[in-house]
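Engineer:
Residue numbers (the working numbering): 133 to 324.
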């Protein structure tokens, strides 16, 4: 993306100027009309989170509100046959619709599951659950282990709170954000 940027901003970016130095340059330059074209992608780190939310809203399955829970939109990425060992990842945007049908998002979730059928015939599930604000910052993180029957009745459930200070958690979070940023829906038809 090319955009015209005032020369003082370019000089500040190229010299690694701090915020205070940038402000001083801006004041000195005033409202200079001297501008040159600059490829901003070289200077601006792209935040993939906005792209992920737009993708969820545009292509996700709609989940209606039921009075107790918010509704929203969700995408899933299932790898393997669901009747046997498989991986399942989900990203959801949760919120509410007004009377006009406008959607107002409140928060998002990313869930990553490793599902295996153990020798006891039950599902043994290792799950990561990230609840995030609309800027992509985790507000709650859990690492969960569950045992469920094939009918999905929970026999055992253990949950451990995590933070991004934990290296394993940070790595999982970053890999999920990257995965969903690169994700292309198999059937890219817009959600209703």
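Where a beta carbon is used, it is the ideal one built from N, C-alpha and C, also for glycine. All values derive from a computational prediction rather than experimental measurement.
Tell me which residue opens and which closes the beta strand (DSSP E) that residue 288 is part of.
Structural biologist: As a position in the chain shown, residue 288 is number 156, starting the count at 1. Residue 288 -> beta strand (DSSP E) spans 286–293.
Engineer: With distances taken between CB atoms, is the gap from residue 209 to residue 198 smaller than 7 angstroms?
Structural biologist: Position 77 of the chain shown, counted from the start, is the residue given in the question as residue 209. Position 66 of the chain shown, counted from the start, is the residue given in the question as residue 198. The answer is no: Cβ separation not under 7 angstroms.
Engineer: Count the other CB atoms within 10 Å of the CB of residue 248; is the residue buried (16 or more) or exposed (fewer)?
Structural biologist: Residue mapping note: residue 248 aligns to position 116 of the chain shown, counting from 1. Result: exposed.
Engineer: What does residue 247 pair with, by DSSP beta-bridge criteria?
Structural biologist: On the chain shown, position 115 is the one that residue 247 refers to. In the DSSP output, where bridge partners are listed per residue, residue 247 has 218 and 257.
Engineer: Please report the Cβ distance between residue 227 and residue 206, rounded to the nearest whole angstrom; I am assuming they are in contact, meaning their Cβ atoms lie under 8 angstroms.
Structural biologist: Sequence index remark: in the chain shown, residue 227 carries index 95 (1-based). Sequence index remark: in the chain shown, residue 206 carries index 74 (1-based). Residue 227 to residue 206, Cβ: 12 angstroms. No contact.
Engineer: Answer with buried or exposed for residue 294, where buried requires no fewer than 16 other C-beta atoms within 10 angstroms of its C-beta.
Structural biologist: Reading the chain shown from its first residue, position 162 is the one you call residue 294. Buried: at least 16 other Cβ atoms inside 10 Å.
Engineer: Spatial neighbours of residue 235 within its chain, please: C-beta separation below 7 angstroms, excluding the five flanking residues on both sides.
Structural biologist: Numbered from its first residue, the chain shown carries residue 235 at position 103. The answer, listed in chain order, is 227 and 229.
Engineer: For residue 223, which residues from the same chain have a beta carbon less than 6 angstroms from its beta carbon, with the 5 sequence-adjacent residues on both sides left out?
Structural biologist: As a first step, residue 223 must be located in the chain shown, where it is residue number 91. Once the five neighbours on either side are set aside, the close Cβ partners of residue 223 are 188, 207, 242 and 312.
Engineer: Count the other C-beta atoms from every protein chain shown that fall within 10 angstroms of the C-beta of residue 304, then say buried if there are 16 or more, exposed otherwise.
Structural biologist: Indexing the chain shown from 1 puts residue 304 at position 172. That one is buried.
Engineer: By Cβ distance, which residues of its chain are closer than 6 angstroms to residue 152, with the 5 residues on each side in sequence left out?
Structural biologist: On the chain shown, position 20 is the one that residue 152 refers to. Reliability of the predicted coordinates at residue 152 is poor, the pLDDT of 45 falling under 50, and the value obtained from them is presented with this limitation in mind. Closer than 6 angstroms at Cβ, skipping near neighbours: no residue.
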